[in-house]
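Under our numbering, the first residue of the sequence shown carries the number 7, and numbering increases by one thereafter. Every residue, glycine too, gets a C-beta built ideally from N, C-alpha and C.
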Amino acid sequence: MIDGASKIRRLMSGIGDILAGIFLLGTALVACAGVWLASMSVAGDYDRASLYHRAYSSWAYVRPGSDGIRAQDVQLVAPLHLQPSQISETVREAFLTAEDRWFEVHPGFNPLALARAIAQETRATFSGGESGGGGSTITQQLVKNLILTNDRAYLRKFRELLIALRLETMFSKDEILAMYLNNIFFGQSAYGIEAAARTYFGRSTVWPRQTGTINIGETALLALSVRAPSRTNPNRGRKGLDAEARDLISAMRERGFLTAAEAKNATTQLNRKNGQLDWSMHVARARDFALGLGLPSVLQQRQQPMVVSTTIEPEAQLYAERAVDRLLDRARRTDRAYDDAAVVILRPDGAIAAMAAAQAYGESGGFNVLSEGRRSPGSTIKPFVYLCAFANGKTLASTVSDTAQEFRNGWTPRNNDGRYLGRMTMARALALSRNPPAVSLWFEYADCFNRTMTSLGISGHLPDQPSAVLGTGSVSPLDIARWYAALANGGHPVDPYAIWYARSMDGRTIFHHELSREMTAPLLENDDARCTLEKGLKAVVSVGGTGRRAAFAQPMAGKTGTSQNGRDAWFAGYTGRYVAVVWLGAKKQAPRQVITGGGLPALIFANMMATLHQGKTALPLPCDRPTRNRRAADVASAN
Numbered sequence: 007m008i009d010g011a012s013k014i015r016r017l018m019s020g021i022g023d024i025l026a027g028i029f030l031l032g033t034a035l036v037a038c039a040g041v042w043l044a045s046m047s048v049a050g051d052y053d054r055a056s057l058y059h060r061a062y063s064s065w066a067y068v069r070p071g072s073d074g075i076r077a078q079d080v081q082l083v084a085p086l087h088l089q090p091s092q093i094s095e096t097v098r099e100a101f102l103t104a105e106d107r108w109f110e111v112h113p114g115f116n117p118l119a120l121a122r123a124i125a126q127e128t129r130a131t132f133s134g135g136e137s138g139g140g141g142s143t144i145t146q147q148l149v150k151n152l153i154l155t156n157d158r159a160y161l162r163k164f165r166e167l168l169i170a171l172r173l174e175t176m177f178s179k180d181e182i183l184a185m186y187l188n189n190i191f192f193g194q195s196a197y198g199i200e201a202a203a204r205t206y207f208g209r210s211t212v213w214p215r216q217t218g219t220i221n222i223g224e225t226a227l228l229a230l231s232v233r234a235p236s237r238t239n240p241n242r243g244r245k246g247l248d249a250e251a252r253d254l255i256s257a258m259r260e261r262g263f264l265t266a267a268e269a270k271n272a273t274t275q276l277n278r279k280n281g282q283l284d285w286s287m288h289v290a291r292a293r294d295f296a297l298g299l300g301l302p303s304v305l306q307q308r309q310q311p312m313v314v315s316t317t318i319e320p321e322a323q324l325y326a327e328r329a330v331d332r333l334l335d336r337a338r339r340t341d342r343a344y345d346d347a348a349v350v351i352l353r354p355d356g357a358i359a360a361m362a363a364a365q366a367y368g369e370s371g372g373f374n375v376l377s378e379g380r381r382s383p384g385s386t387i388k389p390f391v392y393l394c395a396f397a398n399g400k401t402l403a404s405t406v407s408d409t410a411q412e413f414r415n416g417w418t419p420r421n422n423d424g425r426y427l428g429r430m431t432m433a434r435a436l437a438l439s440r441n442p443p444a445v446s447l448w449f450e451y452a453d454c455f456n457r458t459m460t461s462l463g464i465s466g467h468l469p470d471q472p473s474a475v476l477g478t479g480s481v482s483p484l485d486i487a488r489w490y491a492a493l494a495n496g497g498h499p500v501d502p503y504a505i506w507y508a509r510s511m512d513g514r515t516i517f518h519h520e521l522s523r524e525m526t527a528p529l530l531e532n533d534d535a536r537c538t539l540e541k542g543l544k545a546v547v548s549v550g551g552t553g554r555r556a557a558f559a560q561p562m563a564g565k566t567g568t569s570q571n572g573r574d575a576w577f578a579g580y581t582g583r584y585v586a587v588v589w590l591g592a593k594k595q596a597p598r599q600v601i602t603g604g605g606l607p608a609l610i611f612a613n614m615m616a617t618l619h620q621g622k623t624a625l626p627l628p629c630d631r632p633t634r635n636r637r638a639a640d641v642a643s644a645n
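Below is the structure:
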């Protein structure tokens, strides 16, 4: 009987243990399900598109003064962003070993590390010991950088955990790691690993171009710099950082990523002298020009700090800076009269991707040559009188006269080559940029031309006389960019902008740029006329056209421009992705050896745009899109 009772008790005890286990497991599952469901309903602007833009755009911290926020208060941060496919295995392994060894398998947070951090924080709260630290996964750190603040309150930490869980359902692990590496701070104004590699070592992480790539030892130093970048980075606190880097390299070997020989070599690499590349210079110049346009009025009087997302594309800014340097250097070899140059790159909706000039906005006393400088547009304005002619029934096959004709007060327009070629088609007159045909068209379509140019936007002066189509007005480089942006987006006038959105420090969106209503009502409503002009502008950059040197391996259209005194040389063109304007100018005196828009500006345009489009899928021009309802497609792409 005793044995029987003992067996019954053991059986009941076992059943009790099983039921308790089931209860605990069920409770854990319910708790996990509750946390998961809560993560799905976290309030805030956390949709995939918004977060992706935040992670892959330029942005800035803004701290207002007593009179609100001004453009000069904005400290622009321009990370050099990498796509997930560009993250090397060495970079990946170094950061996962240093920051989050369970990154590949956890759902957004590490339960053991989180429990350990909470326990340390609790002990510190009640016993006055050292505060808890760590415990955050890479996903949680990304949430803190993109969405939340650095506040250590428990509520913020819980929201961070919920959003981290949500992000794991929205993005792949590769995307999350790329976003993290693109936004983390490395010290010395370097945000993102690519900017840090160039700042500290003068090299890249992925592109074996002229600068080469960073090695394993340098990668280890960067992976450890993110913990306290202002105090410890490859240029500060190096002795202690080197010791930690040796431990990290050993850990990478233990995880099987490095062989013994590779680990030994990586350790010796720590002793090499650093390179240096002043990426902050490009950041400052981008800030000066783009934000020199002014902040949206709704943000100017704000009294609290905020985070601003700009439209500046760091790679485009770098290429624009290089283009300006090359343009001026080569121009001065020809004629020292040329002393200024500028490049503007827009996206077709008017978003400013890059702005660069020979003299930075801040260095010129606040004068922004790109938006405030007034120069002769030369023949870049001619296409728009042709547009009016095409809208009134003319075609590229219609003929015009390139002869010495007297117009008002005996004025006879001449061509740059001093010759007249007689009767020709409008296609050839546009491709060769002949002056008398353009003047003749002005007399027929002056009212249409003036209305069109006013609607497209002119910040300077355009005379109401036939010489206007030869470029005798005064406009800014940004004016010309917006004219061609209207052609690139299907006929919608644009207002260039540099601020995409702004949010408060707690993650609330307080400003978001919205495209103007004109984007749904194109100014250039005559599709046939616009597409006829586009076909003519493609001929400008083909064999025989004045802009043939601007052509590169992408569908494109464009126009050259040279002022009558030779002091201004332009090339303006567009692809399915970008609109770019290149300007070369002589400010003080007319050059003895004139550089035309079809020469050096066109060559620089081709080089810059080819580099900018490298690795990107070719997009068709608006009139080449395979859709009957082209206008609807244009509006959709613009938005």
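{"Asked": "Buried versus exposed call for PRO632 [16 or more other C-beta atoms within 10 Å across all chains shown]", "Found": "exposed"}
{"Asked": "Bounding residues of the alpha helix (DSSP H) (the contiguous stretch that carries TYR325)", "Found": "320–340"}
{"Asked": "LYS544 versus LEU462, LYS622, MET562 and ASP534, residue with shortest Cα-Cα distance", "Found": "MET562"}
{"Asked": "Residues bridged to LYS565 [DSSP beta-bridge criterion]", "Found": "ALA578"}
{"Asked": "Three or more C-beta pairs below 8 angstroms linking the stretch 382–395 and the stretch 620–630", "Found": "no"}
{"Asked": "Separation of GLY550 from ASP423, as counted between CA atoms", "Found": "15 angstroms"}
{"Asked": "DSSP three-state assignment for LEU625, whether helix, strand or coil", "Found": "coil"}
{"Asked": "Extent of the continuous beta strand (DSSP E) to which TYR507 belongs", "Found": "505–510"}
{"Asked": "Bridge partner(s) assigned by DSSP for PHE191", "Found": "TYR197"}
{"Asked": "Per DSSP, cross-strand counterpart(s) of HIS518", "Found": "TYR507"}
{"Asked": "Outcome for ARG165 when other beta-carbon atoms lying within 10 angstroms are tallied against a minimum of 16", "Found": "buried"}
{"Asked": "Helix, strand or coil at ASN241 [DSSP, three-state]", "Found": "coil"}
{"Asked": "Cβ neighbour criterion (16 or more within 10 Å) applied to SER91", "Found": "exposed"}
{"Asked": "Reduced DSSP secondary structure (H/G/I, E/B, other) of ASP51", "Found": "Bear in mind that a pLDDT of 49 at ASP51, under 50, signals an unreliable position, so the number given afterwards is only what the model happens to contain. Coil, per DSSP."}
{"Asked": "Contact check, GLY193 vs SER236, beta carbons under 9 angstroms", "Found": "yes"}
{"Asked": "Helix, strand or coil at MET525 [DSSP, three-state]", "Found": "For MET525, the predicted model reports a pLDDT of 47, less than 50, meaning its position is unreliable; a value from the coordinates is still stated below. MET525: helix per DSSP, three-state reduction."}
{"Asked": "Residue(s) in a DSSP beta bridge with SER210", "Found": "THR219"}
{"Asked": "Sub-9 angstroms separation of LEU254 and ALA104 beta-carbons", "Found": "yes"}
{"Asked": "Which residues DSSP lists as bridging ILE358, in chain order", "Found": "LEU352"}
{"Asked": "Chain-order list of residues whose beta-carbon lies under 7 angstroms from that of ALA535 (same chain, five-residue window excluded)", "Found": "LEU393, PHE396 and ALA397"}
{"Asked": "Helix, strand or coil at THR458 [DSSP, three-state]", "Found": "helix"}
{"Asked": "Beta-bridge partners of MET430, as assigned by DSSP", "Found": "VAL406"}
{"Asked": "Three-way DSSP call (helix, strand, coil) for TRP108 in this model", "Found": "coil"}
{"Asked": "Completely contained beta strand (DSSP E) runs for the stretch 223–277, where each covers 3 or more residues", "Found": "none"}
{"Asked": "Three-state secondary structure (DSSP) of ARG631", "Found": "coil"}
{"Asked": "C-alpha gap between CYS629 and ARG244, whole angstroms", "Found": "57 angstroms"}
{"Asked": "Given GLY542 as reference, the closest of ALA437, ASN221 and ARG54 once Cα atoms are compared", "Found": "ALA437"}
{"Asked": "Same chain only: Cβ atoms within 6 angstroms of CYS537, ignoring 5 sequence neighbours per side", "Found": "CYS629"}
{"Asked": "Sequence-distant residues of the same chain with beta carbon closer than 8 angstroms to ASN189, five excluded per side", "Found": "ALA61, PRO85, LEU148, ASN151, LEU152, TYR197 and GLY198"}
{"Asked": "Unbroken beta strand (DSSP E) run spanning LEU299, endpoints", "Found": "Looking at the DSSP string, LEU299 is not in any beta strand (DSSP E), and its letter there is neither H nor E."}
{"Asked": "Through-space distance from ALA343 to ARG598, alpha-carbon basis", "Found": "8 angstroms"}
{"Asked": "Neighbourhood of SER404 by C-beta distance below 8 angstroms, restricted to the same chain and skipping five residues each side", "Found": "ALA395, THR431 and MET432"}
{"Asked": "Nearest-angstrom Cα separation, counted from ALA559 out to ARG509", "Found": "39 angstroms"}
{"Asked": "PHE594 versus ALA357 - alpha carbon distance", "Found": "Residue identity check: residue 594 is Lys in the sequence provided, not Phe. If you take the alpha carbons of LYS594 and ALA357, they lie about 32 angstroms apart."}
{"Asked": "ARG457, buried or exposed, once every other Cβ within 10 Å from all chains shown has been counted against 16", "Found": "exposed"}
{"Asked": "Beta-carbon contacts of ARG215 that lie in its chain and below 8 angstroms, excluding the five residues immediately before and after", "Found": "Residue confidence for ARG215 is low, a pLDDT of 47 falling below 50, so the modelled location carries little weight; the figure read from the coordinates is stated next. Counting only Cβ-Cβ distances below 8 angstroms, and skipping sequence neighbours, we find nothing."}
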